[in-house]
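Let me begin by presenting the structure, written as C-alpha cells, before commenting on it.
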Amino acid sequence: MGTATARSFNRRATVSLFSRLRKPDGQADPFPLYTELQARGSVSPAPWGGFLVTGYGTCDQILRSSAWLEPDTRWRERQGARTRWSAPSAREISRTLPALNPPEHTRVRRSAGNFDRSTIEQIGRRASQVVDRLLDTLEERLHAGEADFAALVGEELPVATIGDWLGLPSADWPRLRELTHDQVFTQELLPSASQLARSDAAMAELRAYFLALVRDRRAHPGEDPVSRWIRSWDALEPDQDKADEAVYFLALFVLLAALETTSTLLSTMTLLLVEDPDRWTLLAEDPDLVPAFVEEALRYDPPTHVISRIAAQDCLLDDVEVRADEMVHLMIGAAHRDPARFSSPEVFDPHRKPTHLSFSGGIHYCLGAPLARLEAQTLLRQTITRLPRLTLVRRPSWAPRVAFRRLLNLDVAPA
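For the sequence shown, numbering that gives the first Met the number 0 assigns the number 0 to the initial residue and increments by one for each residue that follows.
Below you can see the structure in the form of C-alpha cells.
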C-alpha cells in the first residue's frame, strides 16, 4: 500500500464517521461529515476494504475511463458465497444494464434504444398532464393547511410517467413503487442482513411481475417499449427464454432507475425551493432559470451519493496504490462539494456553470437523464406558475441510507 495511504489512514475515525452517516442527523445533513473525509485526502482506505474517493476530478476521471469497471456478476462471484455480493438481489441487479461491462454492456445498451426527440416529446406531454393533475390534488390538500409534497407529487410523478410509457396498469403502480424502495438496499454502501432480506423479497416479486409482463406482451404485442424490446431481442437471441429474460432485465432497469432516483430529485429540488423564500422569488421573476436550478439541485444534493467501480488492473490513484479487482467508492455527494472544483461549494447557486456527476459518466452515463431533467423542469415550472408561494412546515425525515438519498416526507404550506 502506498505511503500516501499509510499517512491518511485512521480506521477508527473512518468507522466512526460512517456510523454517524447512518444516523438521522447524518442522513439529514451528511455534508459536514464529507468535509471531514475530504480532509484525509482525495483517496483514502475504506475500513471494510477498497478505497473512498472524494475528489471531483478523480471521480470524474474514474467514471470516464475504461480502466475502471462495474462490479459485475463475475466480480461478485469471486467475492465468495458468504458475502453481501452473493445475496439473490445482488446477483439479480448485477445483470441489469448499469452493472454490465463491455462487450455485454454494448450489446444490451444498443438493444435498449434511445430516448430520442419524439419519445421525449411524447413523454413530456404525458408528464405535463400528470403534473397538472398532481398539483390539483396538492392544492386541494393545501386548503386544509399543509400537505406532503413528497407523497402527493414527488413519489407519484415518476411512476405515472414511466408506468404509462411502459404500459403498466395504474393499479400496479403503488406496489411497484414500494418494491423499488425495498430493492435499493442491495445497492447500498453497507446494507444490513435485514435490509438485504427486504431487497431479496422485493427483487423476487419484481422478477415474477416483469417476466409475466414480457410473456403477456409476447402474446399480445403492441407499439410499447416492451414489445419493441421483444422484437429487438428476438433478432439477437435465438433462445426465446433468454430473449425474454433480457427484456425483463431492461424493463426492470428502466423502472428502478426512473422511480428511485427521479423521485428523490423531485422532492429534494422542491425542498431547496421552499426552504428559502428568495429562491422562489428568483424563479418566479426569471423562469428561464428553471433548467439551471435543476442542475444545481443535482450538484448540491444528488439522488445518488455513492457510485462504486472496480480497478481493471494495478494502478496509482492520486499516489495511492490500488490493486486489480479492488473496489473504489466514489463519494459523489462529497465530490460535489470539493472546493478544488467549486467556488463556495456549500452555497446553492443556480447561476453557477452546471457541472455535476449525478448521471455518472462515460459508457454508463444515465440513459434516462433526459427524462429525469424533463420531469424535474416540468414540475418546477408548473409549481412556481400554478401554486401560491409555499413554505416548509418542518424539516423532512430521510430514509436510512448513505448511497441512495430519499426524503420520507416534505410537508409544505402556503407562505
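We treat Cβ as the ideally placed atom computed from N, Cα and C, and that holds for glycine.
Helix, strand or coil: how does DSSP classify residue i here?
{"i": "C314", "result": "strand"}
{"i": "D410", "result": "strand"}
{"i": "S43", "result": "strand"}
{"i": "D285", "result": "coil"}
{"i": "R10", "result": "helix"}
{"i": "E103", "result": "helix"}
{"i": "R19", "result": "helix"}
{"i": "S65", "result": "coil"}
{"i": "A170", "result": "helix"}
{"i": "R405", "result": "coil"}
{"i": "L133", "result": "helix"}
{"i": "S307", "result": "strand"}
{"i": "F114", "result": "coil"}
{"i": "D28", "result": "coil"}
{"i": "A86", "result": "coil"}
{"i": "D71", "result": "coil"}
{"i": "D300", "result": "coil"}
{"i": "T2", "result": "At T2 the pLDDT is 41, less than 50, meaning the model places this residue with poor confidence; the figure from the coordinates comes in the next sentence. DSSP places T2 in helix when its eight states are reduced to three."}
Using a Cβ-Cβ cutoff of less than 6 Å, which residues in the same chain neighbour residue i once the five nearest sequence positions on both sides are dropped?
{"i": "A310", "result": "V321, A323, E325"}
{"i": "R183", "result": "Per the sequence presented here, residue 183 reads as Val, with Arg not at that position. The residues are E259, F403."}
{"i": "P395", "result": "L406, N408, L409"}
{"i": "A111", "result": "L249"}
{"i": "P220", "result": "S226"}
{"i": "A416", "result": "Missing from the structure shown is residue 416; the chain here goes from 0 to 414 and no further."}
Tell me which same chain residues have a C-beta within less than 8 Å of the C-beta of residue i, skipping the five on either side of it?
{"i": "P369", "result": "F114, I119"}
Am I right that residue i and residue j are in contact with their C-beta atoms under 8 Å? What's the rounded C-beta distance?
{"i": "R413", "j": "L389", "result": "Correcting the residue identity first, residue 413 is Pro in this sequence and not Arg. Between L389 and P413 the Cβ distance is about 6 Å, and since that is below 8 Å, they are a contact."}
{"i": "L406", "j": "T263", "result": "7 Å"}
{"i": "G360", "j": "D59", "result": "6 Å"}
{"i": "L151", "j": "L133", "result": "6 Å"}
{"i": "T431", "j": "V158", "result": "It is not possible to answer for residue 431, since the shown part of the chain is limited to 0 through 414."}
{"i": "T72", "j": "R94", "result": "6 Å"}
Mark residue i as exposed unless 16 or more other C-beta atoms lie within 10 angstroms of its C-beta, in which case mark it buried.
{"i": "P31", "result": "exposed"}
{"i": "Q194", "result": "buried"}
{"i": "A371", "result": "buried"}
{"i": "A192", "result": "exposed"}
{"i": "S117", "result": "exposed"}
{"i": "Q239", "result": "exposed"}
{"i": "T136", "result": "exposed"}
{"i": "E295", "result": "buried"}
{"i": "L235", "result": "exposed"}
Counting only the same chain and skipping the five closest in sequence on each side, list residues whose C-beta sits under 7 Å from that of residue i.
{"i": "M0", "result": "Caution is warranted here: a pLDDT of 39 is assigned to M0, below 50, making its placement in the model unreliable, and no coordinate value can be reported."}
{"i": "D147", "result": "N408, L409, D410"}
{"i": "T57", "result": "S41, V42, L316, D317"}
Determine, using beta carbons only, whether residue i comes closer than 8 Å to chain E.
{"i": "D238", "result": "As a matter of chain content, chain E is missing from the structure shown, which is built from one protein chain."}
Kindly examine the ligand GTP and report whether one of its heavy atoms sits closer than 7 Å to the Cβ of residue i.
{"i": "R230", "result": "You won't find the ligand GTP in this model; it holds no ligand whatsoever."}
Please give the ranges of any beta strand (DSSP E) in the region 324-403, keeping only runs that are unbroken, at least 3 residues long and fully inside the region. Runs of the beta strand (DSSP E) inside the region 324-403: 326-330, 389-391.
Ordered list of alpha helix (DSSP H) runs contained in the region 209-275, each at least 4 residues: The region 209-275 contains these whole alpha helix (DSSP H) runs: 224-235, 239-273.
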